[in-house]
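In this note's numbering, the protein residues as written are 45 to 515. The beta carbon of each residue, even a glycine, is placed where N, CA and C say it ideally should be.
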Amino acid sequence: MSMENGTNFTETLTQALDAKAQWYDTEGLPKILDNYRLLHTCVRVIFDFLVKKALITPDPYKLDKKISDIKAPENGQFVENERSVIMGQRFSDYESTLDFLCNYYKFSVSQLTLANIKKLVDLNNAITWNSFSANSNKINTRVLATLVFSARQNSDALTSSMLNDNLSKASNALNDINSALKEYSDFQREWYKGLVRKNVLLSPNYDASKVTDASSELQQIKKNFAAAMSKAPFYNELIDEIIQEDMGSKKEELQKKVLEKLNIAAEKNKKVEKRIDTKALIMSSLSVLGSMPPQIGTIAQKIQENHDLLESEHNSFMDKVKRAIKRAFGIAEKPLFYTVFIVDQTTGAKHSEKINYQTFMTDLATRARRYGSVSQQNSPAYKKINSMPEEKIADFVAAQITDCNHLIVLLNALDDFFKSAASPLNKSKVKGLKIDITTLKNSVVKTNQIRVEYVSYIEEEAQMKKLGITT
């Protein structure tokens with residue numbers, strides 16, 4: 045290969061790689077992250093369901109584990125009588141890793157290398173939601189499927205439907221992730237080869253005058269690789285592809301294939317031509333609302349336990365006598381109000397608010413039932429909303445987001461209240477709500493992301509119609 049032709053190919057290849065990398069950083073990888081977030085939401089629902097059914101024991105050291113990298117949970121054999129504890133620990137580790145991926149991991153071309161793709165693939169194979177079967181040859185999948193299917197048979201229709209919906213979404217999300225990662229892996233192979241070309245073949249120490257055939261090019265690459273590529277691994281197969289593209293008998297054909305593989309014009313055209321189903325988009329936000337009932341249920345249970353803890357501090361002999369007299373004469377208990385303090389995040393001003401405990405708990409239960417119902421496509425509530433005009437559905441979703449954001453403010457205030465109201469002897473027994481509130485907040489954020497995306501499409505469509513671009 046002449047020096048001029050080699051330089052032209054390298055320049056064209058570099059431009060194509062940079063354009064494709066930018067597309068992945070702005071469009072391709074964020075879509076993979078969105079699917080991981082959907083998968084994480086479904087996993088949380090299934091995890092909470094199994095804990096509630098007492099089929100797995102949550103890892104008591106979960107909060108003490110600091111996750112800083114992608115690591116699949118253990119998958120070895122274990123004895124049957126340890127199933128609840130072992131699967132609780134493994135499922136906790138799996139969920140924590142997904143949480144790390146969704147909230148802390150940087151999905152970028154520079155970060156998500158071939159070695160890190162392998163870690164993601166191992167994590168995806170840890171529990172195969174897309175082939176979730178009690179007959180699976182993978183231990184974690186087989187045991188979890190056995191637990192889920194057994195518990196589902198003893199659940200009410202709404203819970204069973206919710207579980208099926210989340211299993212289906214987890215399966216679809218994992219399929220989309222695996223498919224996208226396969227394409228991205230092909231790109232990363234070319235990206236690695238591009239880095240070798242740029243850092244090794246174009247380095248001052250690389251003596252191109254000594255490169256006359258495949259053998260001499262390999263010798264020069266090996267000689268300069270360590271210094272130019274830092275700690276990057278030496279992939280023999282990919283180095284051989286570089287040499288074949290430079291020196292092989294079919295080098296022109298191979299070079300053409302590489303550039304075609306990196307072409308993103310088709311994807312751009314497909315994006316322009318595709319008409320977004322805006323109603324389906326805004327309706328998809330209901331499925332995220334449907335992930336909230338288990339989260340709300342966990343929070344309600346902890347609030348109840350904290351309430352009972354405070355009440356136990358007022359359980360003297362005279363308190364018991366007073367309650368007995370009221371029951372004897374049919375005197376209703378007075379409503380219980382908790383005074384909490386709320387800080388305005390904008391101004392920093394603090395104001396107090398009274399929460400009627402009984403009403404608040406009833407509202408939580410009602411909200412959980414409503415969200416569970418509207419997310420089930422066969423339910424009357426879902427069908428009623430689906431029959432509404434798009435703008436009314438968007439208004440409904442916006443109202444739920446506003447309500448949930450206010451609820452989160454109250455929950456944070458209640459969390460602070462319980463921690464300060466308990467006696468010194470009972471402070472360590474107070475159930476903290478922060479982690480559960482964060483999980484609920486993530487669901488609200490995801491719902492709002494869908495709503496914002498819907499609104500932007502509607503506004504863009506209206507603008508294009510106004511300009512006469514579309515009809």
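I need the DSSP call for residue 450, collapsed to helix, strand or coil.
helix
The segment 86-102 contacting the segment 182-194, beta-carbon criterion three pairs below 8 Å:
yes
Assigned secondary structure, residue 249 (DSSP; H/G/I helix, E/B strand, else coil):
coil
With DSSP as the reference, please indicate the residues paired to residue 397 in a beta bridge.
384
Beta carbon of residue 585 nearer than 9 Å to that of residue 115:
Here the chain covers residues 45 to 515 and nothing more, so residue 585 does not appear.
Figure out for me which residue from 205, 106 and 103 has the closest Cα to the Cα of residue 421.
205
Beta-carbon proximity check, residue 135 vs residue 184, cutoff 9 Å:
yes
Which runs of the alpha helix (DSSP H) at least 4 residues long sit entirely within the segment 54-142? Give them in chain order.
73-96
Going by CA-CA distance only, name the one from 148, 303 and 447 that's closest to residue 81.
148
With C-beta atoms as the reference, is residue 202 less than 9 Å away from residue 476?
no
Euclidean distance between Cα positions of residue 511 and residue 433
25 Å
Which value, in whole angstroms, describes the spacing of the CA atoms of residue 87 and residue 140?
10 Å
Run through DSSP, which three-state label would residue 182 get?
coil
I'd like to know if the segment 455-466 and the segment 281-297 are in contact, where contact means that at least 3 CB-CB pairs between them fall below 8 Å.
no
DSSP state of residue 357 mapped onto helix, strand, coil:
coil
Under a Cβ-count criterion, where at least 16 other Cβ atoms within 10 Å of its own Cβ denotes burial, should residue 385 be classed as buried or exposed?
exposed
Work out the CA separation of residue 262 and residue 294 for me, nearest whole Å.
18 Å
Three-way DSSP call (helix, strand, coil) for residue 460 in this model
helix
For residue 470, which of helix, strand or coil comes out of DSSP?
coil
For residue 232, name the three-state secondary structure that DSSP assigns.
helix
Compare the C-alpha of residue 259 against each of 63, 237 and 283 and name the closest.
283
Whether residue 221 touches residue 168 by CB criterion (9 Å):
yes
If you follow the alpha helix (DSSP H) that residue 429 is in, where does it begin and where does it stop?
424-430
Please state the DSSP three-state secondary structure of residue 286.
helix
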